[in-house]
Amino acid sequence: MIKFDNVAKIYQDDFAALQDINLEIKAGEFISIVGQSGAGKSTILKLIYAEENPTEGQIFFNEKPLDSVSRKHISEHRRNIGTVFQDFKLLPKKTAFENVAYALEVCGISVEEILEDVPQILEIVGLGDRQTKFPHELSGGEQQRVALARALIHKPLVIIADEPTGNLDPVSSLEIMQLLLKINKLGTTVILASHDRDIVNKAAKRVVVLEKGKIICDDVKGKYKIC
Amino acid sequence: MFLVIGRTIKEGWSNFFRNGYLSVAAVSVMLLSLFAVSSVFIIALTANSVLKNMQEKVNVSVFFKSSVPEESILKAKRDLENYNEVKTVEYVNKDQALENFKKNSANEPVIIQSLEEIGDNPLLSYLVIRANNSNQYDLIGEYLENTSFKEDISRVNYGKNKEVINRLNNIVSEVRKIGLGLAGFFSAISFLIIFNTVRITIYTHRKEVEVMRLVGASNIYIRLPFLFEGIIYGVTASMISMLLLFIALKFTVPFTERLIPGVNIISLYFSNFAMIFGMQILIGSFLGMLSSWFAIRKYLKI
Numbered sequence: 151m152i153k154f155d156n157v158a159k160i161y162q163d164d165f166a167a168l169q170d171i172n173l174e175i176k177a178g179e180f181i182s183i184v185g186q187s188g189a190g191k192s193t194i195l196k197l198i199y200a201e202e203n204p205t206e207g208q209i210f211f212n213e214k215p216l217d218s219v220s221r222k223h224i225s226e227h228r229r230n231i232g233t234v235f236q237d238f239k240l241l242p243k244k245t246a247f248e249n250v251a252y253a254l255e256v257c258g259i260s261v262e263e264i265l266e267d268v269p270q271i272l273e274i275v276g277l278g279d280r281q282t283k284f285p286h287e288l289s290g291g292e293q294q295r296v297a298l299a300r301a302l303i304h305k306p307l308v309i310i311a312d313e314p315t316g317n318l319d320p321v322s323s324l325e326i327m328q329l330l331l332k333i334n335k336l337g338t339t340v341i342l343a344s345h346d347r348d349i350v351n352k353a354a355k356r357v358v359v360l361e362k363g364k365i366i367c368d369d370v371k372g373k374y375k376i377c
Numbered sequence: 033m034f035l036v037i038g039r040t041i042k043e044g045w046s047n048f049f050r051n052g053y054l055s056v057a058a059v060s061v062m063l064l065s066l067f068a069v070s071s072v073f074i075i076a077l078t079a080n081s082v083l084k085n086m087q088e089k090v091n092v093s094v095f096f097k098s099s100v101p102e103e104s105i106l107k108a109k110r111d112l113e114n115y116n117e118v119k120t121v122e123y124v125n126k127d128q129a130l131e132n133f134k135k136n137s138a139n140e141p142v143i144i145q146s147l148e149e150i151g152d153n154p155l156l157s158y159l160v161i162r163a164n165n166s167n168q169y170d171l172i173g174e175y176l177e178n179t180s181f182k183e184d185i186s187r188v189n190y191g192k193n194k195e196v197i198n199r200l201n202n203i204v205s206e207v208r209k210i211g212l213g214l215a216g217f218f219s220a221i222s223f224l225i226i227f228n229t230v231r232i233t234i235y236t237h238r239k240e241v242e243v244m245r246l247v248g249a250s251n252i253y254i255r256l257p258f259l260f261e262g263i264i265y266g267v268t269a270s271m272i273s274m275l276l277l278f279i280a281l282k283f284t285v286p287f288t289e290r291l292i293p294g295v296n297i298i299s300l301y302f303s304n305f306a307m308i309f310g311m312q313i314l315i316g317s318f319l320g321m322l323s324s325w326f327a328i329r330k331y332l333k334i
């Protein structure tokens with residue numbers, strides 16, 4: 151489903167964030183990308199949702215090379231992907247409901263559908279009674295669940311979670327992780343970048359270890375370890 | 033399409049109200065700028081109306097010899113009315129001239145008395161010519177020099193008014209230049225201030241723009257509500273500015289009435305209401321929109 155073919159990302163001053171990346175992610179997989187800060191985890195994710203372009207090599211999404219997607223159509227590509235971040239990235243002036251609804255509005259979904267789907271998904275992530283709250287009125291764990299609901303609402307093919315538990319307490323982290331596993335069970339591909347050892351080990355899924363921009367280990371039923 | 037427009041309006045309004053402090057700041061800055069430009073405009077209108085009043089008082093009187101029959105004078109009147117430069121020609125016959133003279137000299141019994149002593153009406157019939165524009169009196173003077181009824185004319189009091197007319201012409205052109213210069217100056221300042229304010233407003237939204245892009249919003253979808261918000265700034269500022277302008281004029285009426293009798297700035301405000309309001313809305317919303325367009329461009333790059 152997603153394929154990295156000899157990908158390298160080199161920033162200015164010849165700093166290589168990624169080098170020789172060959173990676174294939176199959177539909178329905180749960181994959182954890184681990185490594186220290188600066189290892190290149192976030193860069194891999196950014197390349198998938200086309201926030202960055204590779205300096206060398208090619209990335210395929212559903213067998214389509216991403217460099218063939220024009221700037222104008224990037225927004226459509228991103229609608230295939232749901233994203234969850236460490237800092238939640240919610241719109242501060244919108245309520246929980248409106249934040250989730252926004253992801254549907256940009257796809258041109260009708261008001262009736264929005265009014266039906268959004269409360270449902272908020273119920274699933276356990277925020278049925280917090281819909282009218284603004285992000286600053288919610289706890290970190292609740293904000294991340296809103297972000298997760300937003301990532302899921304338009305039924306994306308892939309969920310990309312970049313350190314989703316980085317700002318959360320252990321209990322909230324566990325809840326978010328369980329939600330991600332549940333989502334994966336229902337068929338959505340999940341790509342998780344994390345340096346939280348416990349969380350990754352709990353998943354007991356495929357682990358890719360990055361070090362200084364290179365894949366040094368790719369273990370199908372892996373644990374967070376330095377190979 | 034309708035869905036996008038509807039959502040744009042909804043988003044724009046919601047942004048405007050939920051970013052209370054920022055919206056107030058942006059509208060205030062725009063308000064001050066529009067108010068300054070409109071004030072200059074009102075001053076220019078007042079000056080124009082004063083000048084018009086003065087121009088209307090300027091005229092050329094052509095006195096006919098007492099031997100000239102009325103028909104010839106009326107024919108001359110028709111002739112003169114055919115010229116484009118001539119706005120009106122008024123015929124004042126001997127008797128009317130005497131009556132006017134008596135009325136004007138009512139406080140001077142000596143003059144009235146001497147008139148009675150003469151017994152006969154010593155005054156001449158005359159035509160009062162008003163030009164469309166005060167700088168056209170020279171041309172009218174030329175016509176009179178070359179006209180077919182030149183022999184019938186006793187005198188033209190053009191000479192007396194000549195200096196006043198010239199001075200008036202100079203004042204008109206100076207006032208216009210100064211007015212234009214001031215309006216241009218204020219518009220330039222307003223443009224810069226409004227542009228920067230909107231830029232700062234959007235700068236505070238840059239993280240949101242990033243999030244919108246991440247959830248798959250197209251650039252135009254992100255941009256439209258911001259443009260609409262820019263228009264709301266402009267329209268709101270224009271409305272408040274019109275109200276403030278009215279209040280300011282109401283306060284200055286007693287002074288201006290003393291200073292320039294015959295010009296009512298409140299009625300000037302109302303007779304030009306549509307134009308001033310339209311100009312403000314146009315400038316305000318156009319600047320708001322343009323500033324938003326440029327400011328947001330930076331954050332829409334990949």
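For the protein sequence lines, the chains are A and B, in the order given.
Converting from the first sequence to this note's numbering requires adding 150 to each position, the first position being numbered 1.
Converting from the second sequence to this note's numbering requires adding 32 to each position, the first position being numbered 1.
The C-beta atom is built at its ideal place from N, Cα and C for all residues, glycine as well.
Ordered along the chain, which non-local residues of its own chain (more than five positions away) have a Cβ less than 6 Å from that of residue i?
i       : result
P306(A) : N230, I231 and G232
V308(A) : I231 and T339
D312(A) : S192, L195, F235 and A343
K356(B) : Here chain B has residues from 33 to 334 only, and residue 356(B) is not among them.
F93(B)  : It is worth fixing the name first, because residue 93(B) is Ser in this sequence and not Phe. Cβ neighbours of S93(B) beyond the five flanking positions: Y158, V160 and N189.
A76(B)  : G211
F95(B)  : L156, Y158, S186 and R187
F165(A) : none
L83(B)  : V204
Establish whether the CB of residue i and some CB of chain A are separated by less than 8 Å.
i       : result
E240(B) : yes
N47(B)  : yes
G248(B) : yes
L35(B)  : yes
Y235(B) : no
Y253(B) : yes
R329(B) : no
N167(B) : no
V243(B) : yes
N51(B)  : yes
R39(B)  : yes
Use the C-beta contact count for residue i: other C-beta atoms within 10 angstroms, 16 or more gives buried, fewer gives exposed.
i       : result
I334(B) : The predicted model places I334(B) with a pLDDT of 45, which falls under 50 and marks its position as unreliable, so this point remains unresolved.
I37(B)  : exposed
T229(B) : buried
V142(B) : exposed
A354(A) : exposed
T342(B) : Residue 342(B) is absent from the model: chain B starts at 33 and stops at 334.
H223(A) : exposed
V357(A) : buried
K330(B) : exposed
M321(B) : buried
If you draw a straight line from the C-alpha of residue i to the C-alpha of residue j, how long is it?
i       : j       : result
R347(A) : R50(B)  : 41 Å
A297(A) : K373(A) : 27 Å
I308(B) : T268(B) : 14 Å
I366(A) : G44(B)  : 49 Å
A200(A) : S187(A) : 21 Å
E287(A) : S260(A) : 28 Å
A177(A) : I333(A) : 13 Å
Q169(A) : L302(A) : 31 Å
L281(B) : N296(B) : 10 Å
F210(A) : E242(B) : 24 Å
Q87(B)  : I328(B) : 51 Å
E361(A) : H345(A) : 12 Å
L106(B) : T179(B) : 14 Å
Y265(B) : L314(B) : 12 Å
Say whether chain E places a C-beta atom closer than 8 Å to the C-beta of residue i.
i       : result
S323(B) : No chain E appears in this structure, whose protein chains are A and B.
In its own chain, which residues sit with a C-beta less than 8 Å from the C-beta of residue i, not counting the 5 before and 5 after it?
i       : result
Y175(B) : L112 and Y115
P242(A) : F284, P285 and H286
When you compare the CB of residue i with every CB in chain B, is at least one pair closer than 8 Å?
i       : result
S225(A) : yes
V256(A) : yes
Y252(A) : yes
K283(A) : no
R356(A) : no
L241(A) : yes
T338(A) : no
T245(A) : no
Which residues in the same chain have their Cβ closer than 7 Å to the Cβ of residue i, if we skip the five residues on either side of it in sequence?
i       : result
T245(A) : Q281, T282, K283 and F284
N47(B)  : P257 and E261
Fill in: Contacting positions in the stretch 191-208 of chain A - beta carbon closer than 9 Å to chain B
Y199, A200, E201, E202 and N203
Worksheet item: If you measure beta-carbon to beta-carbon, which residues of the stretch 312-328 of chain A are closer than 7 Å to chain B?
Response: none
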